[in-house]
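Protein chains in written order, with my numbering: chain C, 1 to 215; chain P, 216 to 430.
Glycine is no exception: its CB is placed at the ideal position from the N, C-alpha and C atoms.
No experiment lies behind these values; they were computed from the predicted model shown.
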DNA sequence: ACTCATGTCACGGAAAACCGTGATTAATAA
DNA sequence: TTATTAATCACGGTTTTCCGTGACATGAGT
């Protein structure tokens, strides 16, 4: 088992215990290299230009320069730097700001090591990683539009069944036959689905179904 | 940073060097526990019932009882056991058999540690994990149907544009207005899209668009 | 020179989706 | 008890999608 790439990491946190803990954890994982650490944003800004890490793991709540301000200052100069925010609490305003600043991931301090590794791997591979709770908040508060409404509606079992079949490219007629009900009934379900989901056609329904993981 | 869960792992490989290597690597990662190892399938079948691992990492090519046979024998008795196949070569027949046997993941021996960890985390969380090359093979050979064709077709720029708008819930009329062409033209594009993608309606197009990351 | 893909447009008909409105039954929640 | 929901069905009308078929111009590649 060869190592293809080593991920160079820089960590910023004003809590020394946390800093030490995460450093030990990540140091014991080959494939990862801790290039350096800092206890505040100012120090981080000095060190990062020379060290050129792949990933910056930063606390959000820090004195003077917090994680968001740090991200803002780094984002333009280092567009390829992946920034993983680690925070002890999750309020939507902070998360919203962090996302706007351009972080690539956001996890909570009470999440396990397994998820930390997953987050690191994910953002290193160019994707964003947000922990489950944060995803929920994003849906609930930032996307305060159609999306939010989409996620609030409750579909009945029958409606889910119909939606599932729609998303599997079945026509109304086919669905009616499959469920042993009339075409009119299926059309009513479809209408109700569109009303609940907030869309005007099948395309919206399919997108919703995929987004919700119903297919 | 607390550890939520520890992942219990059992490893089978007839190459002792590989076995030692992977054991050392994984032992250095907290969150993972190597419960035991075996150099052949028979030995593994003896040890696994007592050790009850979460994840079995097994080589595919082994004498007497190979990884696929091992999977077949374990799958029924231990439905919750996650099995990660590790193989040095990737031919579609083997992969096909492995998937039918019920493995949860398939990676290659030349992949890095980072991906190994990703695979372990992924299958531990109940999802399947297949390395990129394997995914490609799956698409090319096993799903020798619509899916394969879907991934082979080339859409023209204009078609992609139309597909993008379709997936954004625009009607033919709206698309025609937006692109300054006639409705007939948009319908032709849509027809060609459906022909190329291999579907009979908008639902299939949207699913394709999402799958291809066009929206 | 010829073929092929692309992009444009047209026509007609069948099928399906879309929309509004209303109704019945059963079960459940307030 | 009353109100709400889920699930069922109906009807009529409009709009859109779906399908086949054909045509023309352009440009790139063989």
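Distance, residue j Cα to residue i Cα
i              : j              : result
residue 28(C)  : residue 55(C)  : 17 Å
residue 156(C) : residue 284(P) : 43 Å
residue 248(P) : residue 133(C) : 27 Å
residue 58(C)  : residue 119(C) : 13 Å
residue 202(C) : residue 127(C) : 29 Å
residue 212(C) : residue 12(C)  : 35 Å
residue 330(P) : residue 122(C) : 10 Å
residue 356(P) : residue 369(P) : Confidence at residue 356(P) is low in this model, with a pLDDT of 41, below 50, so its placement is unreliable and the value that follows should be read with caution. Those two C-alpha atoms are separated by around 19 Å.
residue 38(C)  : residue 345(P) : 37 Å
residue 423(P) : residue 412(P) : 7 Å
residue 302(P) : residue 264(P) : 24 Å
residue 291(C) : residue 135(C) : Here chain C comprises residues numbered 1 to 215, so residue 291(C) is not present and cannot be evaluated.
residue 185(C) : residue 166(C) : 14 Å
residue 179(C) : residue 158(C) : 10 Å
residue 237(P) : residue 193(C) : 50 Å
residue 415(P) : residue 387(P) : 16 Å
residue 159(P) : residue 109(C) : For residue 159(P) there is no data in the structure shown, the boundaries of chain P being 216 and 430.
residue 19(C)  : residue 61(C)  : 14 Å
residue 124(C) : residue 53(C)  : 11 Å
residue 74(C)  : residue 93(C)  : 21 Å
residue 389(P) : residue 421(P) : 17 Å
residue 332(P) : residue 322(P) : 11 Å
residue 67(C)  : residue 47(C)  : 15 Å
residue 280(P) : residue 210(C) : 40 Å
residue 214(C) : residue 379(P) : 22 Å
residue 170(C) : residue 319(P) : 30 Å
residue 44(C)  : residue 76(C)  : 16 Å
residue 16(C)  : residue 91(C)  : 24 Å
residue 160(C) : residue 189(C) : 9 Å
residue 410(P) : residue 402(P) : 12 Å
residue 111(C) : residue 177(C) : 47 Å
residue 24(C)  : residue 406(P) : 58 Å
Residue i: contacting residues in chain P (beta-carbon distance under 7 Å)
i              : result
residue 199(C) : 384
residue 104(C) : Correct list: empty, because the minimum Cβ distance to chain P is about 16 Å.
residue 202(C) : 417, 418
residue 117(C) : 332, 336
residue 67(C)  : In chain order: nothing, as chain P lies at least about 16 Å away.
residue 166(C) : 418
residue 11(C)  : The premise fails here: residue 11(C) is roughly 11 Å from chain P at the closest Cβ pair, so nothing lies under 7 Å.
residue 83(C)  : Within 7 Å Cβ-Cβ: nothing; residue 83(C) doesn't reach chain P, min ~18 Å.
Reference residue i; option with closest CA among the options
i              : options                        : result
residue 287(P) : 426(P), 385(P), 317(P)         : 317(P)
residue 182(C) : 197(C), 129(C), 13(C), 162(C)  : 162(C)
residue 383(P) : 204(C), 20(C), 108(C)          : 204(C)
residue 51(C)  : 105(C), 40(C), 78(C), 22(C)    : 78(C)
residue 63(C)  : 91(C), 24(C), 75(C), 42(C)     : 42(C)
residue 14(C)  : 22(C), 135(C), 40(C)           : 40(C)
residue 224(P) : 251(P), 402(P), 234(P), 235(P) : 251(P)
residue 113(C) : 125(C), 214(C), 210(C), 26(C)  : 26(C)
Neighbouring residues, chain P, relative to residue i (Cβ below 9 Å)
i              : result
residue 45(C)  : Here the premise fails: no neighbours, minimum Cβ distance about 24 Å.
residue 64(C)  : Correct list: empty, because the minimum Cβ distance to chain P is about 24 Å.
residue 183(C) : Result: empty, since nearest Cβ-Cβ is about 16 Å, beyond 9 Å.
Beta-carbon neighbours of residue i, restricted to chain C and to distances below 7 Å
i              : result
residue 421(P) : 203, 206, 207
residue 270(P) : Result: empty, since nearest Cβ-Cβ is about 12 Å, beyond 7 Å.
residue 275(P) : Near residue 275(P) there are no residues of chain C at all, since even the closest Cβ is about 15 Å away, more than 7 Å.
residue 249(P) : In chain order: nothing, as chain C lies at least about 14 Å away.
Contacts of residue i in chain C (Cβ-Cβ under 9 Å)
i              : result
residue 347(P) : Near residue 347(P) there are no residues of chain C at all, since even the closest Cβ is about 11 Å away, more than 9 Å.
Any non-hydrogen atom of the ligand HEM within 7 Å of residue i CB
i             : result
residue 53(C) : As for the ligand HEM, it is missing from this structure, which has no ligand bound.
Contacts of residue i in chain P (Cβ-Cβ under 8 Å)
i             : result
residue 7(C)  : 329
residue 48(C) : Within chain P, no residue comes near residue 48(C); the closest Cβ sits about 22 Å away, beyond 8 Å.
Contact list for residue i against chain C, beta-carbon separation under 8 Å
i              : result
residue 390(P) : Near residue 390(P) there are no residues of chain C at all, since even the closest Cβ is about 12 Å away, more than 8 Å.
**Item:** the region 72 to 83 of chain C touching the region 97 to 104 of chain C, judged by at least three CB pairs closer than 8 Å
**Value:** yes
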